[in-house]
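Chains as they are written, first to last, in our numbering: chain A, 54 to 390; chain B, 54 to 390; chain C, 54 to 390; chain D, 54 to 390.
Right under this line is the structure:
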């Protein structure tokens, strides 16, 4: 054993370790991607999702969700280094019972139009393309009063809140929490360019809890009809919190973008891993030699700092979410075209 | 002459004056209202407004506006201590030529539906009840391509900018400034719960330059259908700047409120003078022994720190603006129920 | 009487006036300075200030102050369009009794070293060059336990708060308000790069209520020893509120600047009128053909939008204050080199 | 194999997993502490630190640091779930060569008084008790021109930046980066209640890069002489960024607190793990049945959500750091008395 190794052994007993043998790996020159790029074809996963209803009820499952688990992070329930994604099914007549947790959640609706989520005493109906927020520590349950299954993508900050070790969860003593505000209340109160005089924020999440796709799509159409698309992003918008103009959620940065038909974007990478949903259209995601062809409702993940670009075979709308909002807040977000 | 007076005379030559003879008047115990409460009946002023078109063209007038001058501030072109208001007319085919100025302006549309304002390269069509912003130092002109007269209320911070002595104005070298963005661009880009990624504000005014009444009214209806009205304000909302959640303008605070039919509100006063427009309904403004009965499209002003309340004879919508935003920013706003 | 004039007469009865006859004067192309540049020589005003003690006591006067009244704004108690300045004297043993008002005040100490001001339950001793804040609506009184007269400059936002018509004043029922915190408390708590965990601001004014000249001067000296001076400003710093990094006061922007000996600065103008105190050194202020020679403790005012520059005959330190903070907040501040 | 298990196996091929088997562990009812409470006695680790100089030079090591590795997180180079801590030694005449990285670092000086750190072109001398910041992505090197060893505690956000996978590092092509600003420049420019007019932040870290202990200690003494200590925290202050009043660093929340002699604080826990340095005094940290006796210069860690309290045998000053700043920014910080 060398003198140095002998020293390392000795100090180990005092819970000490030399930095110099680890410095380059602890503080590498640039990021090594965590997780791999991966695409879940909706046509492949939809049957599994529907089959799950035959195996377990929403009530028993609490949340009947198939986790989209990054293939290189199996067992960790992660779609990326910091985020969780899953596909949730609610059958006609079912209720996913009320609970609350530190984690903030987003829902992006893939299928169905009659289910609701109830958050903090208010229901909202969920339709394809709607972006819905469940703020941290708000009671919420989901129900489906319609005659068709409803399927949506869940995005949560589970790994991030676990990393900071600040996870709290509470189950409601009833299946359904009280609903004391009418449908459409929050969108009216916070989502029309107005705010109640004297309103005090109760959360860092946006109080607009449903951003309906009809409005989002119309905004994209108006902008795309006139603007030149950005070379890397086409027409890229972010969902905002009207209380401060920041990202709609404090831990997850949601965006929507329109890529014109036939575009081939320029390579881009950023330090945030992004989960995409193909809302409309189709095309391919290109990463070095690899190409992932995507179609409507497919979901794919691009790890951080992986250069990628898009080509489209139809006018395409992509919803995406990442942890960019946190990286910006703590000053470590980088991007490169 | 007393010793003191002799002293005052002596120091006067050195541009000095005693504070103690003036202290109580300079720093009074509470505000004395500036201006008087006053109501302009739309049925009375509309004929004057229309007649003005026979006397002068929009082109010659630059802006064909009748100033709403507070009766106790005649000659000062002020509706209140800090703000200006006027009623502007644009006849079919007319253009009010392009200029820009430090002052920020709001337009609240009273009549007509085919005129436009063009601000910073973008037109918006103006319909009754729309709230439209012209930010400080942006080129703007107005035009009327329809076959009917258009009449709107102008609210500007002219006395305030004059007080701070920072007024600049420039006339465009053409009647119409370039229009290079399509109709609906700003509302799509900034007014749908989304913002372009990377957007940088060019002004402290909201980039949403038209807040259409249809959306505003629907929001009020949704809220009023369920909420108990506030005793003093009914259902009171403020127009916001989605970039920061603050008031839509840096110098003028615009609000909209719905008063249920038959309500009698509780007395209220605040340090900001408010100019109201009756968008819908009717009723009366009560100030001590005085009552001002109001009907649709009437405009009235309530000076600051004057206690007042409302009664209604129909479901009533009031638009209002004041300097509250500045008073809040500098920490001197007060209100009392 | 022309048709137009007849119309004007007619609408006058309805409290209306044509804009088009007033537009160019209401919204001029650029500011016309309000007030004139003026210098008060300390050697001239000091005898008057001291003499005032023979005419009235601090107790009787409430505040024994000679107002520095801009020669072109006589009778208005204004040093500029928006601000008030005065020179206050406190003789040994005197107390200026406790009151509070909406107005925020600054004190810049000219002479003496044993007087105190007590604000919100805390005293601070005032020495030459110290910059002291009295936040809006805080009880305050002044006392002089030393054996020498104390003289300071007062700067207040009296005209501004009057313009917004939000002046409130209350006299304390005792001469001296309670003092319940020790000397040095606020500077320790807020002025050393630290803040109490959980501190909630009670005002938009900085909680650091005394910025001692010793620290300020040392900072200037350190910077000036190395930095090239700015061509227009030398070494120009602003007093900040550590709670948000903004200006130390919400209505008055205080600065301190060091001009090296022998410098001739480049012309500069801005839309804020500035009141200067010569803390150290001497030189001249040049405005077009006019030059005002200044010496230690002289006070001078430069109205907004008046181009000016400095020359020095010694290393010079200038304290100044203006309404720039408000102009910035409402988006109308302009400057030009 | 049950039907459900067969299903799980089948969907596994499509990178899917059931949430319902993992929900309670993924989203637990409350945090399970990560890492254990642990104390490094300075008298034990100091000999190791000094011995390291005989084994490797600062130049070869790049940074000659012994990592304080939480005993239950061995091999991970972590003192807590999100942070790194180490003890660095610089011998007389040595230089730790220039590099930069995404990570922000703090230094808290334990021993020696002649070494410097050079950050972004400016040196600062480091003395016992000083708190020094190295902002993200700034060139920095350390040197020791004195005749005695210098030892300090390093705190970095290495695990956090690794979690977000945004680590970049660059080695300077010279051992010493250029120093182009004089000693004391940043403290003068940013740390005296003043800021340069027009200053634009280059980082989310405070520009005051050295908070000298002399000032910190004086502030604590002033406050402690008069205030009642908080039952749980004594006199607890946070180091701030004067540009915005927030925590001095965007990823690490540094505090300093004074505990009076003989105090026994009340139990407290919060979701952030805290690393403490005993700057002065001594006493014990109590956690349930466990007590860790501490003396001057000892370092200890308390994992998040572990209830603890203090008793002292002398007037005690504790420096501490945690990730509270990030937890607050993302809305998940909790504390409980």
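Think of the CB as a built atom: it goes at the ideal place given N, C-alpha and C, for glycine as much as any other residue.
The model shown is predicted, which means the values in this text are computed figures rather than measured ones.
Please work out which residues of its chain come closer than 8 Å, Cβ to Cβ, to residue i, disregarding the five sequence neighbours upstream and downstream, and give them in chain order.
{"i": "residue 109 of chain A", "result": "117"}
{"i": "residue 191 of chain C", "result": "153, 172, 173, 256"}
{"i": "residue 223 of chain D", "result": "152, 153, 154"}
{"i": "residue 230 of chain D", "result": "151, 171, 174, 192, 193, 194"}
{"i": "residue 386 of chain B", "result": "323, 324, 325, 377, 380"}
Could you say which of the options lies nearest to residue i if we only look at CA atoms?
{"i": "residue 196 of chain B", "options": "B/178, B/293, B/349", "result": "B/178"}
{"i": "residue 285 of chain A", "options": "A/320, A/254, A/198", "result": "A/320"}
{"i": "residue 73 of chain B", "options": "C/96, C/142, C/310, C/307", "result": "C/142"}
{"i": "residue 99 of chain C", "options": "C/187, C/83, C/203", "result": "C/203"}
{"i": "residue 89 of chain D", "options": "D/185, D/139, D/360", "result": "D/360"}
{"i": "residue 160 of chain A", "options": "A/205, A/383, A/150, A/126", "result": "A/205"}
{"i": "residue 215 of chain A", "options": "D/243, D/80, D/222", "result": "D/80"}
{"i": "residue 156 of chain A", "options": "A/131, A/209, A/198, A/150", "result": "A/209"}
{"i": "residue 111 of chain D", "options": "D/85, D/148, D/97, D/86", "result": "D/148"}
{"i": "residue 235 of chain A", "options": "A/134, A/295, A/169", "result": "A/169"}
{"i": "residue 364 of chain C", "options": "C/115, C/357, C/347", "result": "C/347"}
{"i": "residue 383 of chain B", "options": "C/107, C/138, C/301", "result": "C/301"}
{"i": "residue 101 of chain D", "options": "A/139, A/65, A/377, A/380", "result": "A/65"}
Quick check on residue i: does DSSP put it in helix, strand or coil?
{"i": "residue 3 of chain C", "result": "Since the first residue of chain C shown is 54 and the last is 390, residue 3 of chain C is not available in this structure."}
{"i": "residue 101 of chain A", "result": "helix"}
{"i": "residue 82 of chain A", "result": "coil"}
{"i": "residue 316 of chain B", "result": "coil"}
{"i": "residue 380 of chain C", "result": "helix"}
{"i": "residue 66 of chain C", "result": "coil"}
{"i": "residue 76 of chain B", "result": "helix"}
{"i": "residue 276 of chain D", "result": "helix"}
{"i": "residue 145 of chain A", "result": "coil"}
{"i": "residue 324 of chain D", "result": "coil"}
{"i": "residue 119 of chain B", "result": "strand"}
{"i": "residue 254 of chain D", "result": "coil"}
{"i": "residue 375 of chain B", "result": "strand"}
{"i": "residue 58 of chain C", "result": "helix"}
{"i": "residue 284 of chain D", "result": "coil"}
Excluding the five sequence neighbours on either side, which residues of its own chain have a C-beta within less than 7 Å of the C-beta of residue i, listed in chain order?
{"i": "residue 351 of chain D", "result": "92, 93, 94, 95, 331"}
{"i": "residue 288 of chain D", "result": "273, 276, 277, 280, 282, 310, 311"}
{"i": "residue 201 of chain C", "result": "145, 165, 167"}
Closer than 6 Å by C-beta to residue i: which residues in its own chain qualify, once you throw out the five before and the five after it? Chain order, please.
{"i": "residue 355 of chain B", "result": "90, 327, 361"}
{"i": "residue 290 of chain B", "result": "309"}
{"i": "residue 246 of chain A", "result": "none"}
{"i": "residue 269 of chain A", "result": "309"}
{"i": "residue 391 of chain D", "result": "There is no way to answer for residue 391 of chain D, as the model of chain D reaches only from 54 to 390."}
{"i": "residue 318 of chain A", "result": "285, 362, 363"}
Members of the segment 105-129 of chain C that neighbour chain B once the beta carbon cut-off is set at 9 Å: 105, 107, 108, 109, 113, 114, 115, 116, 117, 118, 119, 120, 121, 122, 123, 124, 127, 128
Selection of the segment 203-226 of chain B by Cβ proximity to chain C, strictly under 9 Å: Interface annotation for the segment 203-226 of chain B against chain C: 207, 209, 210, 211, 212, 213, 214, 215, 216, 217, 218, 219, 220, 221, 222, 223, 224, criterion Cβ-Cβ distance under 9 Å.
Interface positions of the segment 234-263 of chain A facing chain B (Cβ-Cβ less than 7 Å), listed along the chain: 234, 235, 237, 238, 241, 242, 244, 245, 246, 247, 248, 249, 250, 261
Alpha helix (DSSP H) runs wholly inside the segment 190-251 of chain A, at least 4 long, in chain order: 211-216, 238-243
Interface residues of the segment 127-159 of chain A facing chain D [CB-CB below 7 Å]: 130, 134, 135, 139, 154, 155, 156
Residues, ordered as in the chain, of the segment 65-85 of chain D that lie near chain A by beta-carbon distance below 7 Å: 67, 68, 69, 70, 71, 72, 73, 75, 76, 79, 80, 81, 82, 83, 84
Proximal residues, the segment 326-350 of chain B versus chain A, C-beta separation under 7 Å: Those residues of the segment 326-350 of chain B that come within reach of chain A (Cβ to Cβ, closer than 7 Å) do not exist; the list is empty.
Near-chain B residues of the segment 307-319 of chain A (beta-carbon distance less than 8 Å), N- to C-terminal order: Under the 8 Å Cβ criterion, the segment 307-319 of chain A contributes 308, 309.
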